[in-house]
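Here is the structure we will look at.
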Amino acid sequence: SKLVKVKQCFPNLYSLNFTSRVFHKRLWNESTVHARGLFVDRITGDVKLRSYNKFFNLGERPETELDNLANTLSFPVEIRTKENGYLAILGVINEELVFASKSTTEGIHVDLFKKLFHRLPENLQAEIKDLLARNNCSMIFEVISQEDTHIIKYDQDH
Numbered sequence: 001s002k003l004v005k006v007k008q009c010f011p012n013l014y015s016l017n018f019t020s021r022v023f024h025k026r027l028w029n030e031s032t033v034h035a036r037g038l039f040v041d042r043i044t045g046d047v048k049l050r051s052y053n054k055f056f057n058l059g060e061r062p063e064t065e066l067d068n069l070a071n072t073l074s075f076p077v078e079i080r081t082k083e084n085g086y087l088a089i090l091g092v093i094n095e096e097l098v099f100a101s102k103s104t105t106e107g108i109h110v111d112l113f114k115k116l117f118h119r120l121p122e123n124l125q126a127e128i129k130d131l132l133a134r135n136n137c138s139m140i141f142e143v144i145s146q147e148d149t150h151i152i153k154y155d156q157d158h
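In the UniProt record's numbering, the protein residues as written are 1 to 158.
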């Protein structure tokens with residue numbers, strides 16, 4: 001689809017992400033909503049790292065209209081503050097931790113994420129790696145960094 005950007009990434013992955021045209025013109029469909037933080041094996045197509053689907057503000061789409069929420073949400077629900085950072089994804093491929101941002105496994109956002117992760121105690125890093133490998137899953141994070149500020153200014157990285 002011309003609405004989904006495919007990029008080669010390390011290690012042996014393709015990242016799939018909706019295009020900026022989709023975002024600005026709101027061309028959302030089943031494919032573009034899922035193409036966010038999605039990394040697949042270049043050979044098998046198996047999902048290796050996965051974020052959550054693109055989400056929308058209240059009233060931004062028919063399914064997020066207040067009157068429709070009872071039909072579109074899975075209950076019970078939990079409401080949390082959405083911090084204003086950037087998406088980071090962590091997984092294990094071939095017994096190694098793989099760090100990613102929304103669409104790549106390289107670059108400044110990945111480097112900042114790695115730096116924050118490596119501040120954790122080594123035993124916690126090992127536990128996280130084991131958990132991800134054992135369950136064949138990804139963890140997602142909202143990274144707040146003074147080196148990559150977004151609209152809201154924070155006092156510290158987290």
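Where a beta carbon is used, it is the ideal one built from N, C-alpha and C, also for glycine.
Taking the CA atoms as reference points, Phe-10 sits about 8 Å from Glu-106.
For Ser-20, there is no enclosing beta strand (DSSP E); the residue is part of the alpha helix (DSSP H) that begins and ends at 20-25.
The segment 79-87 and the segment 128-145 touch, with three or more beta-carbon pairs separated by less than 8 Å. In this model, Tyr-52 and Phe-39 are separated by some 12 Å (Cα to Cα).
Between the C-alpha atoms of Ile-43 and Arg-36 there is a straight-line separation of about 20 Å. Assignment of beta-bridge partners to Gln-8 by DSSP yields Tyr-14.
One thing to note: Asn-68 has its Cβ no nearer than 8 Å to the Cβ of Pro-76.
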